[in-house]
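This report concerns only the one structure given below.
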Amino acid sequence: MKRHALTVYALLVVGYLMLPIAVVILFSFNKPAGRFNYVWEEFTLDNWVHWNSILGIQDAIITSLEVGLLATLVATVLGTLIAIAIVRHQFVGRGTTNVLVFLPMSTPEIVLGASLLTLFLNTTAIFQLGFGTIFIAHVMFIVSFIVVTVKARLIGFDRHLEEAALDLGANEVTTFRKITLPLIAPAMLAAALLGFALSIDDFVITYFNAGATQTFPVFVWGIARVSVPPQVNVVASAIFLVAIALALGNVFWQYRSAKKTQGAT
Amino acid sequence: MTDTTRERQGSNLSQTPAVADVRLEDVVKRFDDSTAVDGISLEIPRGSFFALLGPSGCGKTTTLRMIGGFEEPTEGRIFLGDQDVVGRPPYKRDVNTVFQSYALFPHMSIEGNVAFGLERKRVPKDELKGRVAEILELVGLSGFAKRKPRQLSGGQQQRVALARALVNHPRVLLLDEPLGALDLKLRKQMQLELKRIQHEVGITFVHVTHDQEEAMTMADTIAVMSGGKIEQLGPPTELYERPATAFVAGFLGVSNLLPGTVEGADAIRLDEGTVVRAVLNGRSGQVAAGVRPEKISIGAGGGSNELPGTISETAYIGVATQVVVRTAAGTVQVFAQNMDAGGRIPAPGTNVVLSWAPESTFVVDRADSVMEEETE
């Protein structure tokens, strides 16, 4: 009886969480009467077929993907190096760096966005608001997550492994490539996925520093003041499906490697 | 103490005129607030099984790490063969290490782990495969090549670590408490196994351990370390029969140390008045006469050194009976071998005479012996 109660409760929670997403997906197949996609009228596939028929939506998506990929890549490299420096080396300012790296995670986004805007407006000779400033802002907040994740992995990692590689004739570069990197790669990948998700999703910081450039969230916010076309739902649904596919792929891959390990024993 | 060390080295040198595989000259290692190694000089002849023995914090692991290249000495020189290797990174030293934690690469197969060193040396594929198979055979893990380290037991992982180091045919193999993580039975088995492998490959082994029995079982030469210095260096029998310091006497086995003063060429007058004869090695002044518990007989006839006392406790432990005897010179421990059933050991409270041979009596510094008692 108790067990059933728990199952029902869990299902209710999942339902509560999924309901808004279900509505978003459902309304991506709607054919709205007016400019707003709030009332169910009629089923259609037009929105999915002509997903880019709204002016600017395609460019905004491309910008979002470009910023997300580039910022994640740069932040992953940078963050991994910072994590290695903090964990493996003693240097002046190590403690300070360790604290400062957490700041972007704990500071309210609106403060970060406004501060960055102040910085960029005071250095217009170097920074013009646009793709570049969005990119810089995104790298800044993604780096924190990368550093924290990779650092945790490095701390729980037997230092002797690297010494053993050096001992067996591998120089520092080979040791990093053959031992350190493969062992921290899962943490880097997890952190990068998180970073990419944060970047695609970010509105507040981006809005302050975007200038005339539009990422997808900024585009949606802009267009929502005059109309909400169902294409926005289409893109949102697509992002959701990609995320689900990635998660399922991950589960499947883990299941398979676990089975492989079992098979060998 | 240092005098004895030098003297032992001298004798060691004359026995092995060939170039030593490892030579340390006045090596000192200081960390921020402490001195881990405080002026060590030693030579390890080719093909020997050398043990660095001491309690934790005595500097033995630091010494090993300096030979391996993971730490640089603050002062002094380290030679491998005739080359000074100070300042060289580990990958440019012809030594390999078996780490205490094994440090097997978790993302590689056993084969991949063992082949790692050969791949770095760009050994051709065919030769590499042969050598990996051969070494896995030597450590008895032929069927495990494709497995991952976490699928192996502790003892098997230990063998992989050994194979991974040995396959490179290093000039010297460094072993950092390699058996520390194994249970007692497996450890005993691996001790003999390691000794067999060392005989088979003929590579110089330098073995760090805090287990005196392990060092005595395996090594031909032991350096006993304490406080960053070498207390005594020599073959196991010499360390046991003729310990040069109270620390060595206490660290290897059990010793009875009786304080006294040298009197004449071969005698010590104990503080309470009894005169015992001993091998003095030219010592004079205030000393302590030492004797191992198993060298003492209860009753006269065990030798010309005699000491009266009263039995205060006896404990039957199978191979021997442990007897504690109170004497005017202090408490003395005796291990009486149980040669025949029935037990001839007198009951507690009995007055007895202890006797032992002068050759079994060694001499150590008294200052040390006081310290030793304090630490115990």
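Residue numbers (our numbering), protein chains in the order written: chain S, 1 to 265; chain V, 1001 to 1376. For each residue, glycine too, the CB sits at the ideal point set by N, CA and C.
Taking Cβ positions, are residue 1379 of chain V and residue 1053 of chain V nearer each other than 8 Å?
There is simply no residue 1379 of chain V to check, as chain V begins at 1001 and stops at 1376 in what is shown.
Step through the CB atoms of chain V and report whether any lies within less than 8 Å of the CB of residue 155 of chain S.
With 8 Å as the cut-off, residue 155 of chain S does not count as an interface residue toward chain V.
Would you report the Cα separation of residue 126 of chain S and residue 211 of chain S, rounded to the nearest angstrom?
If I take the Cα positions, the gap works out to 15 Å.
Hey, residue 1084 of chain V and residue 1093 of chain V are a contact pair by Cβ (cut 8 Å); roughly how many whole angstroms apart?
With 8 Å as the limit, residue 1084 of chain V and residue 1093 of chain V do not qualify as a contact, their Cβ atoms being about 11 Å apart.
From the beta carbon of residue 1117 of chain V, is the nearest beta carbon of chain S less than 8 Å away?
Chain S places a beta carbon closer than 8 Å to that of residue 1117 of chain V, counting this residue as a contact.
Status (buried if at least 16 other CB within 10 Å, exposed otherwise) for residue 1316 of chain V:
With fewer than 16 Cβ atoms within 10 Å of its Cβ, residue 1316 of chain V is classed as exposed.
Interface partners of residue 1103 of chain V on chain S, CB under 8 Å
The contacting residues are 158, 160, 161, 163, 164.
Answer with buried or exposed for residue 61 of chain S, where buried requires no fewer than 16 other C-beta atoms within 10 angstroms of its C-beta.
Under this definition residue 61 of chain S is a buried residue.
Under 8 Å by Cβ, that's how I've got residue 1051 of chain V and residue 1098 of chain V pegged, so tell me the actual separation to the nearest angstrom.
Taking 8 Å as the upper bound for CB-CB distance, residue 1051 of chain V and residue 1098 of chain V are not in contact here, some 14 Å apart.
Which of the three DSSP states is assigned to residue 1321 of chain V in this structure?
In the three-state reduction of the DSSP assignment, residue 1321 of chain V falls in the strand class, which pools E and B.
I'd like to confirm the pairing. Which residues does DSSP put opposite residue 1289 of chain V in its beta bridges?
Note: residue 1289 of chain V sits in a beta bridge opposite V:1258, V:1363.
CA-CA distance, residue 1075 of chain V and residue 1067 of chain V?
Their Cα atoms are separated by approximately 13 Å.
For residue 1029 of chain V, which beta-bridge partners are listed by DSSP?
Secondary-structure assignment with DSSP links residue 1029 of chain V through a beta bridge to V:1037.
Does residue 1153 of chain V come out as helix, strand or coil in the three-state DSSP assignment?
DSSP places residue 1153 of chain V in coil when its eight states are reduced to three.
Which parts of the stretch 200-231 of chain S are runs of the alpha helix (DSSP H), unbroken and 4 residues or longer, counting only runs that do not cross its ends?
The qualifying runs are 204-209, 216-223.
Ignoring anything shorter than 4 residues, give me the alpha helix (DSSP H) runs that lie fully in the stretch 1103-1182 of chain V, in order along the chain.
Listed in chain order, they are 1110-1120, 1125-1138, 1154-1166.
Express the C-alpha separation of residue 1235 of chain V and residue 1260 of chain V in angstroms, rounding to a whole number.
Cα-Cα distance, rounded: 28 Å.
So residue 1281 of chain V contacts chain S; which residues on that side make the cut at Cβ distance below 7 Å?
Contacts between residue 1281 of chain V and chain S, judged by CB atoms closer than 7 Å, are missing: the closest CB pair is about 41 Å apart.
As assigned by DSSP and simplified to three states, the class of residue 1315 of chain V:
Reduced to three states, the DSSP call for residue 1315 of chain V is strand.
From the DSSP output, in three-state form, read off residue 1207 of chain V for me.
Strand at residue 1207 of chain V.
Cβ shell of residue 1026 of chain V (< 8 Å), same chain only, five flanking positions each side left out:
Once the five neighbours on either side are set aside, the close Cβ partners of residue 1026 of chain V are 1039, 1040, 1041, 1075, 1076, 1077.
Please classify residue 1008 of chain V as buried or exposed, where buried requires at least 16 other C-beta atoms within 10 Å of its C-beta.
Residue confidence is low: residue 1008 of chain V scores 41 on pLDDT, short of 50, so the model does not pin down where it sits. Its coordinate-derived value is still stated next. When all chains shown are included, residue 1008 of chain V counts as buried.
Count the other C-beta atoms from every protein chain shown that fall within 10 angstroms of the C-beta of residue 1005 of chain V, then say buried if there are 16 or more, exposed otherwise.
With a pLDDT of only 41 at residue 1005 of chain V, under 50, the local geometry of the prediction cannot be trusted, and the value read off the model is given with reservation. Its Cβ being crowded by 16 or more others within 10 Å, residue 1005 of chain V is buried.
For residue 1183 of chain V, is the classification buried or exposed, using 16 other Cβ atoms within 10 angstroms of its Cβ as the cut-off for buried?
Around the beta carbon of residue 1183 of chain V, fewer than 16 other beta carbons lie within 10 angstroms, which makes this residue exposed.
Distance, residue 1265 of chain V Cα to residue 1237 of chain V Cα:
Distance from the CA of residue 1237 of chain V to the CA of residue 1265 of chain V, rounded to the nearest whole angstrom, comes to 25 Å.
Anticipated Cβ contact below 8 Å, residue 1359 of chain V with residue 1262 of chain V, distance rounded:
Not quite, the Cβ-Cβ distance comes to about 17 Å (not below 8 Å), so this is no contact.
First through last residue of the beta strand (DSSP E) which encompasses residue 1226 of chain V
Under the DSSP assignment, residue 1226 of chain V falls in the beta strand (DSSP E) whose first and last residues are 1221-1226.
Which residues in the same chain as residue 1229 of chain V place their Cβ atom closer than 6 Å to its Cβ, once the five residues preceding and following it in sequence are excluded?
Annotation for residue 1229 of chain V: 1038 place their beta carbon closer than 6 Å to its own, counting only its chain and skipping 5 residues before and after.
Report yes or no: is there a C-beta of chain V within less than 8 Å of the C-beta of residue 180 of chain S?
False, the Cβ-Cβ gap to chain V never drops below 8 Å.
Identity of the residue in V:1114, V:1332, V:1132, V:1135 nearest residue 1255 of chain V by Cα:
Among V:1114, V:1332, V:1132, V:1135, the Cα nearest to that of residue 1255 of chain V belongs to V:1332.
Rounded to a whole number of angstroms, what is the C-alpha to C-alpha distance between residue 171 of chain S and residue 1232 of chain V?
Their backbone Cα atoms lie some 37 Å apart in a straight line.
Below 8 Å between beta carbons: does that hold for residue 35 of chain S and residue 173 of chain S?
Not closer than 8 Å, so no.
Could you tell me which uninterrupted alpha helix (DSSP H) segments, each at least 4 residues in length, are contained entirely in the stretch 101-180 of chain S, listed from first to last along the chain?
Restricted to the stretch 101-180 of chain S, the alpha helix (DSSP H) segments that are unbroken, complete and at least 4 residues in length are 103-106, 109-122, 131-155, 159-167, 172-175, listed in chain order.
List the endpoints of the continuous beta strand (DSSP E) containing residue 1277 of chain V.
In this chain, the beta strand (DSSP E) harbouring residue 1277 of chain V covers 1275-1277.
Since residue 213 of chain S and residue 187 of chain S should fall inside the 8 Å C-beta cutoff, what is the C-beta to C-beta distance between them, to a whole number of angstroms?
Wrong, their Cβ atoms sit about 32 Å apart, outside the cutoff.
Once the 5 residues before and after residue 4 of chain S are set aside, which same chain residues still bring their CB inside 7 Å of it?
There are no such residues.
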